[in-house]
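> Numbering (my numbering), first residue to last: 349 to 667. Don't be surprised by glycine CBs; every beta carbon is placed ideally from N, CA and C. Since the structure is predicted, the reported quantities are computational estimates derived from the model, not experimental observations.
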């Protein structure tokens, strides 16, 4: 039997899934191939403060998320629960005030069998070592004195770590109080390869730190790599737009390019740092809600904008 081959035909692109948590503490998958979002029936406690710090283990297909009380929770592949992986005390987040210097992780990534995050208003990068079941083993801290916003004024935005070279990319968030749509952020990188296995401090001029550009990315930009770790995506809950983010650009040029036609109205509060090649398995996901009635849509829009202003202010430093 002769098998025909269409010359020049492109193979179907495989689906890849980023994960996000919305301002309603709902968990979503985002198919970056089809640009479609799917809500899951599993969600973080909606009565608690806003969840944040989403990261995924791409080898075990597990998801981590920081709940509003600073517990690190894990959604294991094949289950329907968000179990506690680490307590606030184990995370160094036992000061639970929203504006406390040791509270509220606004960014996270999974790398080298560990959960990494910056606390709010801090230049101390935390490494939470985890066992094969995603449970807490130990905590290490790395203070980077050269981060662009200083020790007391680093708000996010998000981080993503490329496991191919061990480099962390960070987008901070700086609020424009007069017009939140014009809020921006700084963009920099840290080389995490061969970090010492002990708490450490790195001076401002340490070569591990690279300032890429200042006030050059959209405010509240959430970051996540594709599954091949070749394309860094971003979504801003201020502009509602999705972007590709160029990490190899010349200094002081704009790294974020809007992907034509790709927007989101979900106000993602955080995004996983890398895409998975399949969805995490659980019970059937719920469909994303359809269009609201005209009056309801108007009311929801007004409420959403008020909530967004509060969220932007909480995530961003004054600019």
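(1) Using the Cα positions of residue 479 and residue 485, report the straight-line distance between them to the nearest angstrom.
(2) Take residue 516 and list the residues in its own chain whose beta-carbon comes closer than 6 Å to its own, dropping the five residues that flank it on each side.
(3) Using CA coordinates, which residue listed in 372, 367, 438 is at the minimum distance from residue 397?
(4) Cα separation between residue 363 and residue 380?
(5) By Cβ distance below 8 Å, which residues in the same chain neighbour residue 529 in space, the five residues on each side in sequence not counted?
(6) Here's the rule I'm using: 16 or more other beta-carbon atoms within 10 Å means buried, otherwise exposed. How should residue 432 be labelled?
(7) Are residue 628 and residue 415 closer than 7 Å when you measure CB to CB?
(8) Who are residue 538's beta bridge partners in DSSP?
(9) Given residue 417, which residues of its chain have a CB within under 6 Å of its CB, disregarding the five upstream and five downstream residues?
(10) Starting from residue 608 and walking both ways along the alpha helix (DSSP H), at which residues does that stretch end?
(11) Out of curiosity, what's the CA-to-CA distance linking residue 639 and residue 613?
(12) What residues in its chain sit with their C-beta under 8 Å from that of residue 563, if we drop five residues either side in the sequence?
(13) When DSSP labels each residue in this structure, what does residue 509 get in the three-state scheme?
(14) Tell me where the alpha helix (DSSP H) around residue 437 begins and ends.
(15) Report buried or exposed for residue 407, applying the criterion of at least 16 other Cβ atoms within 10 angstroms of its Cβ.
(16) Going by the DSSP bridge assignment, what does residue 589 pair with across the sheet?
(17) Using CA atoms only, rank isn't needed, just tell me which of 618, 548, 550 is closest to residue 392.
(18) Would you mind giving the Cβ-Cβ distance between residue 366 and residue 581, rounded to the nearest angstrom? I have them listed as a contact below 8 Å.
(19) Using CA atoms only, rank isn't needed, just tell me which of 435, 463, 558, 554 is closest to residue 404.
(20) To the nearest angstrom, report how far apart residue 427 and residue 518 are at their CA atoms.
(21) Please report the straight-line C-alpha distance between residue 467 and residue 584, rounded to a whole angstrom.
(22) What whole-angstrom Cβ distance do residue 422 and residue 505 have, given they're in contact under 8 Å?
(23) Exposed or buried, residue 513, counting other C-beta atoms within 10 Å across all chains shown (16 or more means buried)?
(24) What does DSSP give as the partner residue(s) for residue 462 in the beta ladder?
(25) In angstroms, rounded to a whole number, what distance separates the CA positions of residue 554 and residue 387?
(26) Using DSSP with H/G/I as helix, E/B as strand and the rest coil, what is residue 687?
(27) Would residue 566 and residue 604 be called neighbours here (beta carbons separated by less than 7 Å)?
(28) For residue 593, tell me which candidate among 560, 616, 624 has the shortest Cα-Cα distance.
(29) Give every residue of the same chain whose Cβ lies closer than 6 Å to the Cβ of residue 495, excluding the five residues on either side of it in the sequence, and list them in chain order.
(30) Looking at the secondary structure, which residues open and close the beta strand (DSSP E) in which residue 484 lies?
So, from the data block:
(1) As a first step, residue 479 is located in the chain shown; it is residue number 131 there, counting from the start. As a first step, residue 485 is located in the chain shown; it is residue number 137 there, counting from the start. Distance between the alpha carbons of residue 479 and residue 485: 6 Å.
(2) By one-based count along the chain shown, residue 516 stands at place 168. Around residue 516: 507, 509, 538, 540.
(3) Along the chain shown, read from residue 1 onward, the residue named residue 397 stands at position 49. Cα-wise, what sits closest to residue 397 is 372.
(4) Residue 363 sits at position 15 when you count from the first residue of the chain shown. Residue 380 sits at position 32 when you count from the first residue of the chain shown. If I take the Cα positions, the gap works out to 7 Å.
(5) Within the chain shown, numbered from 1, the residue matching residue 529 stands at position 181. Here the set comprises 586, 587.
(6) Translated into positions along the chain shown, residue 432 becomes position 84. Its Cβ having fewer than 16 others within 10 Å, residue 432 is exposed.
(7) On the chain shown, residue 628 is found 280 positions in, with the first residue counted as 1. On the chain shown, residue 415 is found 67 positions in, with the first residue counted as 1. For the 7 Å CB-CB criterion, residue 628 and residue 415 do not form a contact.
(8) One-based indexing of the chain shown puts residue 538 at position 190. The beta-bridge partner set that DSSP reports for residue 538 consists of 516, 557.
(9) As a position in the chain shown, residue 417 is number 69, starting the count at 1. Here residue 417 has 396 as same chain residues with Cβ atoms under 6 Å from its own Cβ, once five neighbours each way along the sequence are excluded.
(10) One-based indexing of the chain shown puts residue 608 at position 260. Careful: residue 608 lies outside any alpha helix (DSSP H), inside the beta strand (DSSP E) at 604–611.
(11) As a working mapping, residue 639 is identified with position 291 in the chain shown. As a working mapping, residue 613 is identified with position 265 in the chain shown. Unreliable positioning characterises residue 639 in this predicted model, as indicated by a pLDDT of 41, which lies under 50. A coordinate reading is not provided.
(12) The sequence position of residue 563 within the chain shown is 215, counting from 1. Around residue 563: 522, 532, 533, 534, 667.
(13) In the chain shown, counting from the first residue as 1, residue 509 sits at position 161. If DSSP states are grouped into helix, strand and coil, residue 509 belongs with the strands.
(14) Counting from 1 along the chain shown, the entry for residue 437 is found at position 89. In this chain, the alpha helix (DSSP H) harbouring residue 437 covers 436–439.
(15) Counted from its first residue, the chain shown places residue 407 at position 59. Counting other Cβ atoms within 10 Å of its Cβ, residue 407 stays below 16 and is therefore classed as exposed.
(16) Sequence index remark: in the chain shown, residue 589 carries index 241 (1-based). For residue 589, which the question treats as bridged, DSSP gives the partners 611.
(17) In the chain shown, the residue the question calls residue 392 occupies position 44. Cα-wise, what sits closest to residue 392 is 618.
(18) Indexing the chain shown from 1 puts residue 366 at position 18. Indexing the chain shown from 1 puts residue 581 at position 233. So it is a contact: roughly 7 Å between Cβ atoms.
(19) For the purposes of this step, residue 404 is taken as the residue at position 56 of the chain shown. Comparing Cα positions, the closest option is 463.
(20) Your numbering for residue 427 matches position 79 in the chain shown. Your numbering for residue 518 matches position 170 in the chain shown. In a straight line, the C-alpha of residue 427 is about 31 Å away from that of residue 518.
(21) Counting from one through the chain shown, the residue named residue 467 turns up at place 119. Counting from one through the chain shown, the residue named residue 584 turns up at place 236. If you take the alpha carbons of residue 467 and residue 584, they lie about 20 Å apart.
(22) For this step, residue 422 is matched to residue 74 along the chain shown. For this step, residue 505 is matched to residue 157 along the chain shown. With a contact defined as Cβ atoms closer than 8 Å, residue 422 and residue 505 miss out at about 23 Å.
(23) For this step, residue 513 is matched to residue 165 along the chain shown. Exposed, since its Cβ has fewer than 16 Cβ neighbours within 10 Å.
(24) Taking the first residue of the chain shown as 1, we reach residue 462 at position 114. 459, 477.
(25) Position 206 of the chain shown holds residue 554. Position 39 of the chain shown holds residue 387. Going from the Cα of residue 554 to the Cα of residue 387 covers about 42 Å.
(26) Only positions 349 to 667 of the chain appear in the structure, and residue 687 is not among them; the question remains open.
(27) As a first step, residue 566 must be located in the chain shown, where it is residue number 218. As a first step, residue 604 must be located in the chain shown, where it is residue number 256. It is a contact, given that the beta carbons lie within the stated cut-off.
(28) To locate residue 593, count along the chain shown from 1; it is residue 245. When C-alpha distances from residue 593 are compared across 560, 616, 624, the shortest belongs to 560.
(29) Counting from one through the chain shown, the residue named residue 495 turns up at place 147. For residue 495, where only same-chain residues beyond five positions count, the Cβ hits under 6 Å are 471, 502.
(30) Indexing the chain shown from 1 puts residue 484 at position 136. Boundaries of the beta strand (DSSP E) around residue 484: 484–492.
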